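S.K.: Take this structure first; my questions come after.
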Amino acid sequence: MPQLPSLDHLSHAEKDALIRALWTQVQSLAARVADLEAKPGEPGKTPDNSSLPPSKGQKPNQPEKAKRPGPRQGSLGRKGGGRRLTCTPDETIKVKPPACGHCKAVLTEADQVLHGRYDKIDLPVVRPVVTRLERYGGHCPCCGGVTLAPVPVGMEEGSPFSVNIVALAIYLRFTHAISCQRLARLFLHLYGLQISEGALDAMLQRAKPCFDDQAAAILARLRRSRIVCSDETTVRIDGRTHWNWVFQNDQVVIHVVRHTRAASVVTETMAGHRPAIWVSDLYSAQQGHADGWQICLAHQLRDCKYAIEAGDAIFAPRMKALLLGRSCWRGGARIWPRARGATISAGWITS
Numbered sequence: 001m002p003q004l005p006s007l008d009h010l011s012h013a014e015k016d017a018l019i020r021a022l023w024t025q026v027q028s029l030a031a032r033v034a035d036l037e038a039k040p041g042e043p044g045k046t047p048d049n050s051s052l053p054p055s056k057g058q059k060p061n062q063p064e065k066a067k068r069p070g071p072r073q074g075s076l077g078r079k080g081g082g083r084r085l086t087c088t089p090d091e092t093i094k095v096k097p098p099a100c101g102h103c104k105a106v107l108t109e110a111d112q113v114l115h116g117r118y119d120k121i122d123l124p125v126v127r128p129v130v131t132r133l134e135r136y137g138g139h140c141p142c143c144g145g146v147t148l149a150p151v152p153v154g155m156e157e158g159s160p161f162s163v164n165i166v167a168l169a170i171y172l173r174f175t176h177a178i179s180c181q182r183l184a185r186l187f188l189h190l191y192g193l194q195i196s197e198g199a200l201d202a203m204l205q206r207a208k209p210c211f212d213d214q215a216a217a218i219l220a221r222l223r224r225s226r227i228v229c230s231d232e233t234t235v236r237i238d239g240r241t242h243w244n245w246v247f248q249n250d251q252v253v254i255h256v257v258r259h260t261r262a263a264s265v266v267t268e269t270m271a272g273h274r275p276a277i278w279v280s281d282l283y284s285a286q287q288g289h290a291d292g293w294q295i296c297l298a299h300q301l302r303d304c305k306y307a308i309e310a311g312d313a314i315f316a317p318r319m320k321a322l323l324l325g326r327s328c329w330r331g332g333a334r335i336w337p338r339a340r341g342a343t344i345s346a347g348w349i350t351s
């Protein structure tokens, strides 16, 4: 903070002039502070008005839970309602008292009345089924040749894990995002099956070519599209930031994971195909890949929403009404259409 300069050399008239000038400046600054305090603060960034992911948004209050109903009529369930009885129980156990609990008189079948009915649910103990194959070779006494016995389909030599185990591992790994370390523990604790992380990785690598044909077919359809929509977002892989690019039309969607956000990803994915219209945000790497370029209206609506929340009552509301009321697509196609066909995250283009 600068020090106050010496005022000893000023005359009384000069001091009076300085006081009046400072007073005028203070009044002006006070008016500016009052004006700024009267204005509402800028709205916070939310998933609805910015690029924040939904996980970063404020969660709404949960509605009050409805009161549990009473016993369902005709269900003979426990008091207070609860889970409905299954229509196809695997086993039914009927328990009947053989004698009166008071006077010890014998109770016949005619004395029995159904008092209650409820289900008990359990899971079977799952253990791996190991099938050992002993393959023989026959030695021909005539020519001396050796003939190996054919093995059943799915029992070929190689990995000991069946296709059902591979399918379960793929489902848990990629649908539920379970790491290989936790997946190995899950197989051991739930199924009593010991699989190392290396075996799981090798299993997934062997299954990868099964999806290559589908990924190639989706890419082929995308590279014939007249309209292509694209966007990108960050994704963490092995502790490093990568980019998850998504390309789609009204039929297919494909995800491409790369360590870069450059336009070279688009060039590689489209492989020389130049659509008639490209739909994207204002990011420069998304531009110049088609004959025409359409700004993504979803991004513009998001920006309009933020401007309205920030206090714009002139331009943003009218722009939002224009975007919602009219289509900027040629031919009336929708912006960011939902893919009605195949969708895949192509592992072969993940690096």
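Just so we're aligned, residue 1 is where the sequence shown starts under the working numbering, counting upward by one.
Note that the Cβ used here is the ideal one computed from N, Cα and C, for glycine as well.
The model shown is predicted, which means the values in this text are computed figures rather than measured ones.
1. Would R330 be called buried (16 or more neighbouring beta carbons within 10 Å of its own) or exposed?
2. Can you name, in chain order, every residue of its own chain whose Cβ lies under 8 Å from the Cβ of G74, other than the five neighbours on each side?
3. The beta strand (DSSP E) with F247 in it runs from where to where?
4. Looking at the unbroken alpha helix (DSSP H) that takes in G325, where does it start and where does it end?
5. Locate the beta strand (DSSP E) running through I227, then write down its first and last residues.
6. Less than 8 Å between C-beta atoms, sequence neighbours within five positions excluded: which residues of the same chain meet that for V151?
7. Indicate whether the contact test is met: 3 or more Cβ pairs, each with one atom in the region 139-153 and one in the region 184-195, closer than 8 Å.
8. Just the C-alpha distance for P5 and R32, rounded to the nearest angstrom, thanks.
9. Determine whether the beta carbon atoms of A184 and I195 lie at a separation below 9 Å.
10. Within the chosen definition, does the region 196-207 reach the region 227-247 through at least 3 CB pairs nearer than 8 Å?
11. Taking T92 as the reference, give the member of N164, K120, T147 and E42 with the closest Cα.
12. Restricting to Cα atoms, I'd like to know which of D212, F211 and I178 is closest to L200.
13. On the three-state DSSP scale, how would you describe R221?
14. Assign S280 to one of three DSSP states: helix, strand, or coil.
15. If we call anything under 9 Å between Cβ atoms a contact, is F315 one with A307?
16. Within this structure, are the beta carbons of H242 and A263 separated by less than 9 Å?
17. Return the CA-CA distance between M270 and R258, expressed in angstroms with no decimal places.
18. Out of R224, V125 and K96, state which residue places its alpha-carbon closest to the alpha-carbon of V113.
19. Round the Cβ separation of K56 and P43 to the nearest angstrom and send it over; I've been treating them as touching at under 8 Å.
20. Which residues bound the beta strand (DSSP E) around Q112?
21. Using only CA atoms, which one of A167, R117, A110 and D111 lies nearest to R83?
22. Please say whether R274 and D250 have beta carbons closer to each other than 9 Å?
23. Taking 9 Å as the threshold (C-beta atoms), are I295 and S284 in contact?
24. Exposed or buried, which one is C304 when buried takes at least 16 other CB atoms within 10 Å?
25. DSSP three-state call for Q214: helix, strand or coil?
26. What separation, rounded to the nearest whole angstrom, lies between the Cα atoms of P128 and V163?
27. Leaving out the 5 sequence neighbours to the left and right, which residues in its chain are closer than 7 Å to Q181 when beta-carbon positions are compared?
28. Along the chain, where does the alpha helix (DSSP H) that runs through R206 open and close?
29. Would you kindly work out how many angstroms separate the C-alpha atoms of C328 and Q25, rounded to a whole number?
30. Note down, in chain order, each residue of its chain lying with its Cβ closer than 6 Å to the Cβ of M319, except the 5 sequence neighbours on either side.
31. How about L282 and F247: do their beta carbons lie closer than 9 Å?
M.R.: Quick answer:
1. In this predicted model, R330 has a pLDDT of only 42, less than 50, meaning its place in the structure is not dependable; the value taken from the coordinates is given anyway. R330 comes out exposed.
2. Low confidence applies here, because G74 scores a pLDDT of 46, under 50, leaving its location unreliable and the question unanswered by this model.
3. R240 to Q248
4. Where G325 is concerned, the enclosing alpha helix (DSSP H) stretches over F315 to G325.
5. I227 to I237
6. L133, R135 and E157
7. no
8. 26 Å
9. yes
10. no
11. K120
12. I178
13. helix
14. strand
15. Pairing F315 with A307 gives a Cβ-Cβ distance under 9 Å.
16. no
17. 15 Å
18. K96
19. At roughly 15 Å, the Cβ-Cβ gap does not stay under 8 Å, so K56 and P43 are not in contact.
20. Taken as a continuous stretch (DSSP letters only), Q112 belongs to no beta strand (DSSP E), as it is neither H nor E.
21. Cα-wise, what sits closest to R83 is R117.
22. Taking 9 Å as the cut-off, the beta carbon of D250 is found no closer than this to the beta carbon of R274.
23. no
24. Looking at its Cβ environment, which holds 16 or more other Cβ atoms inside 10 Å, C304 is buried.
25. helix
26. P128 and V163 have their C-alpha atoms some 13 Å from each other.
27. E197
28. R206 -> alpha helix (DSSP H) spans E197 to A207.
29. Low local confidence applies: a pLDDT of 47 at C328 is under 50, so the model's placement there is unreliable, and no value is given.
30. C304
31. no
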